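**Q** Residue numbers (the working numbering), protein chains in the order written: chain A, 306 to 555; chain B, 306 to 555.
Backbone N, C-alpha and C define an ideal beta-carbon position, used for all residues, glycine too.
Just so you know, these numbers come straight off a predicted model, no measurement behind them.
Input: one structure, supplied below.
Number of protein chains: 2
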Amino acid sequence: MTRSRSAAVLVIGNEILSGRTRDANLQTLAGALARRGIRLAEARVVEDRFEAIVHALNALRSTYDFVFTTGGIGPTHDDVTTECVAAAFGRSVVEDPEAVRRLVEYYPAGQLNDARLKMAHVVAGAELIDNPVSAAPGFRVENVFVLPGVPRILEAMLPDVVARLPAGTPIASTAVMAWVRESEIATALGEVQASHPGVDIGSYPFARDGRLGTSLVVRGTDAAARDAATQAIRAMLEARAVEYTVDSAP
Amino acid sequence: MTRSRSAAVLVIGNEILSGRTRDANLQTLAGALARRGIRLAEARVVEDRFEAIVHALNALRSTYDFVFTTGGIGPTHDDVTTECVAAAFGRSVVEDPEAVRRLVEYYPAGQLNDARLKMAHVVAGAELIDNPVSAAPGFRVENVFVLPGVPRILEAMLPDVVARLPAGTPIASTAVMAWVRESEIATALGEVQASHPGVDIGSYPFARDGRLGTSLVVRGTDAAARDAATQAIRAMLEARAVEYTVDSAP
Chain A
306 MTRSRSAAVL VIGNEILSGR TRDANLQTLA GALARRGIRL AEARVVEDRF
356 EAIVHALNAL RSTYDFVFTT GGIGPTHDDV TTECVAAAFG RSVVEDPEAV
406 RRLVEYYPAG QLNDARLKMA HVVAGAELID NPVSAAPGFR VENVFVLPGV
456 PRILEAMLPD VVARLPAGTP IASTAVMAWV RESEIATALG EVQASHPGVD
506 IGSYPFARDG RLGTSLVVRG TDAAARDAAT QAIRAMLEAR AVEYTVDSAP
Chain B
306 MTRSRSAAVL VIGNEILSGR TRDANLQTLA GALARRGIRL AEARVVEDRF
356 EAIVHALNAL RSTYDFVFTT GGIGPTHDDV TTECVAAAFG RSVVEDPEAV
406 RRLVEYYPAG QLNDARLKMA HVVAGAELID NPVSAAPGFR VENVFVLPGV
456 PRILEAMLPD VVARLPAGTP IASTAVMAWV RESEIATALG EVQASHPGVD
506 IGSYPFARDG RLGTSLVVRG TDAAARDAAT QAIRAMLEAR AVEYTVDSAP
C-alpha cells in the first residue's frame, strides 16, 4: 500500500463563523479528494482577515501535500484571499491577461468594470483554473489551489482541479447500518479494529423512525482489507443477533 | 464598545474529513456564541488521531478565550477526545462519581457495561455539563468545553454550556437582499464599509428562481452603527434603482 497524499482545506469567510451560512464546500472537496486517493487530513475556517488567512495558509501548506482554499476571490472589499496568498508566498498580485480575456468574453460589451477586473488578479506565476459558470478563474500556486466560496461555482471547477492532482488509489468505505446502540457492541468493535489495522473503522450513532442504530464505517484504500474487516463486523453482529444492512459507497 | 471575547471550535471526526457527514455543529455553536456576544474567530476539523487533536487543542486554547470541541466522547475505540484533552492539559483521566451516578440512573439495571462506563471518564478537575438526552455528560476544563458530536445531543447541552459563559453584547446582523450582481455595486459597497468601520459588511451572491442577487450583511455589536450602515446601503441601492428587502436577524 503506497502512502496516500494528504490535503487540507482552508475555508475563508466570516459568514461561516457567524453561523449565517452552513459550509457545503468541505464535504464536496472531501469526496472528490477521496475518490482521487488523497486523504483530507485537516480543515480550518478563518475570518476574512489578512493575518488570520496568511498564518493558516502558511501552516497548512508546509504540513500537507495540497491545500485548497475556498472563498474570498470575488469583486468586493471583503474578498482578500488573493492578496493573502500572494503575501504567504512572498509574491506580487498581477493582472493575468488570459483571465482578462475570459472576463471580456463573458461580460456584455462595456460592462467589465474595475470590480470585475479585480477577478483577473492572481498571484504572480499562478496557473488559472477554469470557471465554466461565471468565467472568473480560480488559480494554483505551487501546492495551493485557490477556489471560490459559491458552492455551484466550486463544483463546476472541480474537474479542472482534480485533473491537476496525481491519481492515487481511491479511499473508499463500506457502511454497515446496524440496529443496535453503539455502547452494546463497543468492546467487540474495538477488537475488530485492533485485528484489522489496514482500515479505519468509525462508529456513528443514528436515530431513524424512532429507533436507535449505529453506522459502522470501514474505510481505506485496500479493497481486500475493507472486505475482511466488513466480514468481521458482520460476524460480530450475527453472533449477537443484531439486524443490519450493508451499504458500499464508492 | 467593549472587546468581544473570542472562541474557537475544534471538530474532531474522520467522518467530516471523509465527506461522509456534513458538519452541523459549527453553525449551531456559532449562532449560540454570537447571541452571547462571543466572536467565533476560528474553527478546525481534525482526524480522530491523538497528535492531531492535542496539537490543535493546545494551539487554540492558548489563542482564544474559549474552545469548544465536538465529537469523540462516546463509548467506542474511535472516541479518543477525553484522553487527548487530558494530555493537552497534562492531567489524568478519572472516573467521575457523579457521571457514574447519572449513567446508573439512565440505563436499565445491569446494563451499564464497561463501554458505557467509559463515558463517565473525564479529565481530572473537570466540571460536568448536563446531557438531558442520554445522560453521558460533556465537561469543562479551564477554557475548554468538551461536547459530543451528535447534533441533537450537542443542542440539548447548549443551555448548560451557555450559562457558564460570560454574557456580552450580542453580535447581531441585518441582511439587505438586493437584486443586483455584487460586481455592479462592489466599489460603492467598499465605500460604505470604509465609512462605517464599527461594523463588518459582507457581500454574498445568491441565485433564486433563476435571478441573481446579493445578500449584504451588516454585522456587529453596536445597534446604532448597524442601523447607520444599513441606511447607507439602502441609499446606495436606491440611487441605483436596485430592488431590495431588509431582513433583521437577532
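Any residues in the region 470–483 of chain A with a beta carbon nearer than 9 Å to a beta carbon of chain D? Which ones, in chain order?
**A** In the structure shown, chain D cannot be found, because the protein chains are A and B.
**Q** Apply the 10 Å Cβ neighbour rule to A477 (chain B) and answer buried if 16 or more other Cβ atoms are within range, or exposed otherwise.
**A** Buried, by the Cβ-count rule.
**Q** Determine the direct distance from the alpha carbon of G525 (chain B) to that of L542 (chain B), and round the result to whole angstroms.
**A** Between L542 (chain B) and G525 (chain B), the C-alpha separation is close to 21 Å.
**Q** Tell me the rounded alpha-carbon separation between A534 (chain B) and V504 (chain B).
**A** Roughly 8 Å between the two C-alpha positions.
**Q** What do you get for T368 (chain A), buried or exposed, if any count of 16 or more other CB atoms within 10 angstroms of its CB means buried?
**A** With fewer than 16 other Cβ atoms within 10 Å, it is exposed.
**Q** To the nearest angstrom, how far is it from the Cα of R406 (chain B) to the Cα of R421 (chain B)?
**A** Their backbone Cα atoms lie some 12 Å apart in a straight line.
**Q** With 7 Å as the limit, tell me which residues of the region 401–415 of chain B have their beta carbon closer than that to any beta carbon of chain A; keep them in chain order.
**A** Under the 7 Å Cβ criterion, the region 401–415 of chain B contributes no residue.
**Q** Would you please state the rounded distance, in angstroms, between the beta carbons of L470 (chain A) and I343 (chain A)? I believe it to be under 8 Å.
**A** That pair is a contact at about 6 Å.
**Q** Apart from the five residues just before and just after P442 (chain B), which ones in its own chain have a Cβ nearer than 6 Å to its Cβ?
**A** Here the set comprises A404, L433, I434, N436.
**Q** How is the beta strand (DSSP E) around E487 (chain A) delimited, first residue to last?
**A** Run containing E487 (chain A): none in the beta strand (DSSP E); it sits in the alpha helix (DSSP H), 487–500.
**Q** Taking CB distances under 8 Å as the criterion, tell me whether L452 (chain B) reaches chain A.
**A** No - not a single Cβ of chain A is within 8 Å of the one on L452 (chain B).
**Q** Would DSSP call L338 (chain B) helix, strand or coil?
**A** Correct three-state label for L338 (chain B): helix.
**Q** Pick helix, strand or coil for M306 (chain B), following the three-state DSSP scheme.
**A** Note on M306 (chain B): pLDDT 44, under 50, position unreliable in the model; no value is reported.
**Q** Leaving out five residues on either side along the sequence, give the residues of the same chain with a beta carbon under 6 Å from the beta carbon of Q536 (chain A).
**A** Closer than 6 Å at Cβ, skipping near neighbours: no residue.
**Q** I need the straight-line Cα distance from T386 (chain B) to I358 (chain B), nearest angstrom please.
**A** Distance between the alpha carbons of T386 (chain B) and I358 (chain B): 7 Å.
**Q** Taking only three categories from DSSP, how would you classify A528 (chain B)?
**A** Residue state, collapsed to three classes: helix.
**Q** Identify the continuous alpha helix (DSSP H) that holds P510 (chain B) and give its terminal residues.
**A** No alpha helix (DSSP H) contains P510 (chain B), which is instead part of the beta strand (DSSP E) from 505–513.
**Q** Can you give the Cα-Cα distance for S488 (chain B) and T519 (chain A), rounded to whole angstroms?
**A** Answer to the nearest angstrom: the Cα atoms are 47 Å apart.
**Q** Measuring alpha carbon to alpha carbon, tell me which of B:A512, B:A483, B:D552 ends up nearest A546 (chain B).
**A** Of the listed residues, the one whose Cα sits closest to A546 (chain B) is B:A483.
**Q** Given this structure, state the Cα-to-Cα distance separating A392 (chain A) from V390 (chain B), to the nearest angstrom.
**A** Their Cα atoms are separated by approximately 34 Å.
**Q** Report buried or exposed for E356 (chain A), applying the criterion of at least 16 other Cβ atoms within 10 angstroms of its Cβ.
**A** E356 (chain A) should be labelled exposed.
**Q** Measure the C-alpha to C-alpha separation of P555 (chain A) and V446 (chain A) and round it to an integer number of angstroms.
**A** Unreliable placement is indicated for P555 (chain A), whose pLDDT of 47 sits below 50; no coordinate value is reported for it.
**Q** What are the complete beta strand (DSSP E) segments, minimum 3 residues, inside the region 424–498 of chain A?
**A** Fully enclosed beta strand (DSSP E) runs of 3 or longer: 426–428, 432–434, 443–446, 449–452, 477–483.
**Q** Note down, in chain order, every chain B residue with its Cβ under 8 Å from the Cβ of V466 (chain A).
**A** Correct list: empty, because the minimum Cβ distance to chain B is about 15 Å.
**Q** Chain B partners of E347 (chain A), CB-CB under 9 Å?
**A** Those within 9 Å of E347 (chain A) in chain B are L322, R349, V350, V351, E352, A357, A361.
**Q** Would you mind working out which of B:V497, B:S553, B:R457 sits nearest T375 (chain B), comparing C-alpha positions?
**A** Measuring from the Cα of T375 (chain B), the nearest candidate turns out to be B:R457.
**Q** Can you give the beta carbon distance from R341 (chain A) to G507 (chain A), rounded, assuming they're within the 8 Å contact cut?
**A** 21 Å between Cβ atoms; not a contact.
**Q** State yes or no: is the C-beta of M462 (chain A) nearer than 7 Å to some heavy atom of the ligand HEM?
**A** The model on display carries no ligand, and the ligand HEM is accordingly not part of it.
**Q** Roughly how many angstroms lie between the CA atoms of A491 (chain A) and V314 (chain A), to the nearest whole one?
**A** Taking the straight line from one Cα to the other gives about 31 Å.
**Q** Got a sec: is the Cβ-Cβ distance from S488 (chain B) to anything in chain A below 8 Å?
**A** Chain A, which has a Cβ nearer than 8 Å to the Cβ of S488 (chain B), makes this yes.
**Q** On the CB-based measure, 16 or more other CB atoms within 10 Å of its CB, does P413 (chain A) come out buried or exposed?
**A** Burial call: exposed.
**Q** Check S520 (chain A) in the structure and name its three-state DSSP category.
**A** Reduced to three states, the DSSP call for S520 (chain A) is strand.
**Q** Residues of chain B with CB closer than 9 Å to the CB of N418 (chain A), please, in chain order.
**A** Residues of chain B passing the Cβ test: S488, E489, A491, T492.
**Q** If you scan the region 335–393 of chain A from start to end, which runs of the alpha helix (DSSP H) of 4 or more residues do you find wholly inside it?
**A** The region 335–393 of chain A contains these whole alpha helix (DSSP H) runs: 355–368.
**Q** What first and last residue would you give for the alpha helix (DSSP H) that runs through E320 (chain B)?
**A** 319–322 is the extent of the alpha helix (DSSP H) around E320 (chain B).
**Q** Taking a contact to mean a Cβ-Cβ separation below 8 Å, would you say L362 (chain A) touches A312 (chain A) in this structure?
**A** The answer is no: Cβ separation not under 8 Å.
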